[in-house]
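Let me begin by presenting the structure, written as structure tokens, before commenting on it.
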Amino acid sequence: MATAFEPRSTVDRLDRPSAYFDGRRRRRDHRQREPEPEVPAEDPLADAATLYVGNLSFYTTEEQVYELFSKCGEIKRLIMGLDRFNKTPCGFCFVEYYTHQDALDCMKYVGGTKLDERIIRTDLDPGFEEGRQYGRGKSGGQVRDEYRDDYDEGRGGLGRAIQMERERERELERERERRDRERNRNGGGRDRERERDYRNDDYDDIR
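The numbering of the sequence shown is my numbering, which starts it at 590 and goes up by one.
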């Protein structure tokens, strides 16, 4: 008895499941079933022993800062903030203590008090790094002093950018005045020449 054979297709089915899609789905399902535990971010200020001190007068000395802040604990290091170009004090500093508790005590008892008739600001800082002692403003000082339009005698008067703008305006005004004087001198000389020629013509007519 003859056996009937089923015809066998040699063409792959176009509607078969996608191996790429199934792989992505399995990976996605795996991630959803087993979420990675989140690692809590460490607080950089949890054990900070450094303080950023702001709103200082440009004329406050390192000795004055040390005397005040040493009342809350032994100071390990004191770094005065400097103008990036002139290397002169520009109104801030870093105070590093040996312990976190001393830094907290300083914020509690010294922050908000006056030094050189200015209310100083203290904030915990993750730690001083070389380069941070320089101002980041365009003119070399602190950014806050660039466009300040109020006159602050303890921080150099008006903002640096405003001072520079007004100096440019004064320079332009001086240049305009110089050109006007030059123009007047040249114009006056030409007028005198014309007057002299006129007088010579009159003298010729008389003769």
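We put the beta carbon where it would ideally sit given N, CA and C, even for glycine. Model, not experiment: these values are computed from the prediction.
Could you pull the start and end residues of the beta strand (DSSP E) that residue i belongs to?
{"i": "Leu671", "result": "664-671"}
{"i": "Leu713", "result": "710-714"}
DSSP puts residue i in a beta bridge; with which residues?
{"i": "Val684", "result": "Leu640, Leu667"}
{"i": "Thr677", "result": "In the DSSP output, where bridge partners are listed per residue, Thr677 has none listed."}
{"i": "Leu704", "result": "Arg707"}
{"i": "Tyr723", "result": "Leu671"}
{"i": "Arg741", "result": "A small fix is needed here, since residue 741 is Asp in this sequence, not Arg. Asp741 pairs with Gly746."}
Once you ignore the five residues that flank residue i on each side, which residues in its own chain have a CB closer than 7 Å to its CB?
{"i": "Cys661", "result": "Asp691, Asp694, Cys695, Tyr698, Val699"}
{"i": "Tyr655", "result": "Ile664, Leu667"}
{"i": "Gly745", "result": "Phe647, Asp734"}
{"i": "Leu657", "result": "Val699, Leu704"}
For the alpha helix (DSSP H) holding residue i, just list the boundary residues, first then last.
{"i": "Asp691", "result": "689-698"}
{"i": "Gln653", "result": "651-658"}
Once the 5 residues before and after residue i are set aside, which same chain residues still bring their CB inside 8 Å of it?
{"i": "Ala637", "result": "His689, Ala692, Leu713, Asp714, Pro715, Gly716"}
{"i": "Asp705", "result": "Leu645, Ser646, Tyr648, Thr649, Gln653, Gly743"}
{"i": "Gln731", "result": "Gly670, Cys679, Gly680, Phe681, Gly724, Arg725"}
{"i": "Ile709", "result": "Val642, Gly643, Asn644, Leu645, Val699, Gly700, Gly701, Thr702, Lys703"}
{"i": "Tyr686", "result": "Ala638, Thr639, Leu640, Cys661, Gly662, Glu663, Ile664, Lys665, Ala692, Cys695"}
{"i": "Phe674", "result": "Ser728, Gly729"}
Given 6 Å as the limit, tell me if residue i has its C-beta closer than that to any heavy atom belonging to the ligand ATP.
{"i": "Ala630", "result": "Ligands in the displayed structure: none, and consequently the ligand ATP is not present."}
Can you find the residues in the same chain that come closer than 6 Å, C-beta to C-beta, to residue i, ignoring five residues on each side of it along the sequence?
{"i": "Pro574", "result": "Summary: the structure shown does not reach residue 574, with the chain confined to residues 590 through 796, and so no result is reported for it."}
{"i": "Asp672", "result": "Cys679, Gly724, Gly729, Gly730"}
{"i": "Thr711", "result": "Leu640, Val642, Met696, Gly700"}
Meets three-Cβ-pair contact criterion under 8 Å: the region 659-671 and the region 626-635
no
At least three beta-carbon pairs within less than 8 Å, the region 761-769 to the region 679-686:
no
Touching by the beta-carbon criterion (3+ pairs, under 8 Å), the region 691-702 and the region 719-737:
no
Would you check if there are 3 or more beta carbon pairs closer than 8 Å linking the region 629-648 to the region 698-705?
yes
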